[in-house]
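Asks: In this note's numbering, the protein residues as written are -15 to 155.
Glycine included, each C-beta is placed from N, C-alpha and C at the ideal position.
Being a predicted model, the structure only gives us computed values, none of them experimental.
Have a look at this one before I ask anything.
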Amino acid sequence: MEKINKTRGISRKVATIGVFTALAMVFSYVEVLLPVHLGIWGVKLGVANLVVVAALYLLPLSWVWMINLIRIFLTGLLFGNGLMMLYSFAGGILSLSVMSILKKIKGFSMTGVSIAGGVSHNVGQLLMAMFLLGNINIAYYLPVLLVAGLITGTLIGLICDKLLKAAKKII
């Protein structure tokens, strides 16, 4: 009986990670199909991060890491290229690290955590660009990316907060 319960737990984990990853990939695909350019090179809304932020508040952190890393890898494989994957990994790893730390600290709302995630995602990508290109002058783009991360992080955080509150009312 214990073996059956352990198998159900593993199956539930795999299914949950799969569903969240698939949802994030669908959001990424829609964003690729309907490119909403915010007028700034390299800046996009990042609606797949809705799934990552929601998962951060709903699931164990190890599951969120798996969702994020699998999503970045598969999205890069399907809709991008190796270079895009490197930028996404750098941004995604820094972003999730910062968000998971801030979530544990009292006083940060979901929107605040998301803003920090949006900003740190852009910083991670900028650091990767500086490393790959060997050019520190790219840092001049930092103020633009900080503002973009603030705006997109705010939107993602507000939407995610409303979605999770609505879901709690239904459940």
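In angstroms with no decimal places, state the Cα-to-Cα distance between methionine 114 and isoleucine 120.
Replies: The residue you call residue 114 lines up with position 130 of the sequence shown. The residue you call residue 120 lines up with position 136 of the sequence shown. Taking the straight line from one Cα to the other gives about 5 Å.
Asks: Return the Cβ separation of glycine 101 and methionine 83 in integer angstroms, given the expectation that the two are a contact with Cβ distance under 8 Å.
Replies: In the sequence shown, counting from the first residue as 1, residue 101 sits at position 117. In the sequence shown, counting from the first residue as 1, residue 83 sits at position 99. Rounded, the Cβ-Cβ distance is 4 Å, consistent with contact.
Asks: Along the alpha helix (DSSP H) that carries phenylalanine 115, what are the first and last residues, could you check?
Replies: Indexing the sequence shown from 1 puts residue 115 at position 131. Taken as a continuous stretch (DSSP letters only), the alpha helix (DSSP H) holding phenylalanine 115 covers 94 to 117.
Asks: Since methionine 69 and glycine 75 are thought to touch, with beta carbons under 8 Å apart, how far apart are those beta carbons, to the nearest angstrom?
Replies: Taking the first residue of the sequence shown as 1, we reach residue 69 at position 85. Taking the first residue of the sequence shown as 1, we reach residue 75 at position 91. That pair is no contact at about 11 Å.
Asks: Under the rule that 16 or more other beta-carbon atoms within 10 Å means buried, what is valine 36, buried or exposed?
Replies: Reading the sequence shown from its first residue, position 52 is the one you call residue 36. When all chains shown are included, valine 36 counts as buried.
Asks: With a threshold of 8 Å on Cβ separation, who are the neighbours of serine 72 within its own chain once the five nearest residues in sequence on each side are excluded?
Replies: Residue numbering aside, residue 72 sits at position 88 when the sequence shown is read from its first letter. The residues are Ile56, Thr59, Gly60, Gly64, Gln109.
Asks: Just verifying my parser: in three-state terms, what is the DSSP assignment at valine 31?
Replies: As a position in the sequence shown, residue 31 is number 47, starting the count at 1. Valine 31 falls in the coil class under three-state DSSP.
Asks: Can you grab the Cα-Cα spacing for the pair asparagine 33 / alanine 8, in whole Å?
Replies: Taking the first residue of the sequence shown as 1, we reach residue 33 at position 49. Taking the first residue of the sequence shown as 1, we reach residue 8 at position 24. Taking the straight line from one Cα to the other gives about 7 Å.
Asks: Any idea if isoleucine 99 is buried or exposed, counting beta-carbon neighbours within 10 angstroms, 16 or more meaning buried?
Replies: Taking the sequence shown and counting its residues from 1, one reaches residue 99 at position 115. It is buried - the Cβ of isoleucine 99 has at least 16 other Cβ atoms within 10 Å.
Asks: Tell me which residue opens and which closes the alpha helix (DSSP H) that proline 44 is part of.
Replies: Reading the sequence shown from its first residue, position 60 is the one you call residue 44. Segment: none, proline 44 is in no alpha helix (DSSP H) and carries neither H nor E.
Asks: Whole angstroms is fine: what's the gap from methionine -15's alpha carbon to proline 44's?
Replies: Looking up residue -15 in the sequence shown gives position 1. Looking up residue 44 in the sequence shown gives position 60. Per-residue confidence for methionine -15 stands at a pLDDT of 46, beneath the threshold of 50, marking its modelled position as unreliable; no derived number is given.
Asks: Around the Cβ of glycine 30, are there at least 16 other Cβ atoms within 10 angstroms (buried) or fewer (exposed)?
Replies: Taking the sequence shown and counting its residues from 1, one reaches residue 30 at position 46. Glycine 30 is buried by the Cβ-count criterion.
Asks: Thinking just about the alpha-carbon of each residue, which of Gly141, Ala6, Thr0 is nearest to the one in valine 103?
Replies: For the purposes of this step, residue 103 is taken as the residue at position 119 of the sequence shown. Closest option to valine 103, Cα to Cα, is Gly141.
Asks: Identify which residue in Lys146, Lys(-3), Leu134 has its Cα closest to the Cα of serine 46.
Replies: On the sequence shown, position 62 is the one that residue 46 refers to. Looking at the Cα atoms, Lys(-3) is the closest of the given residues.
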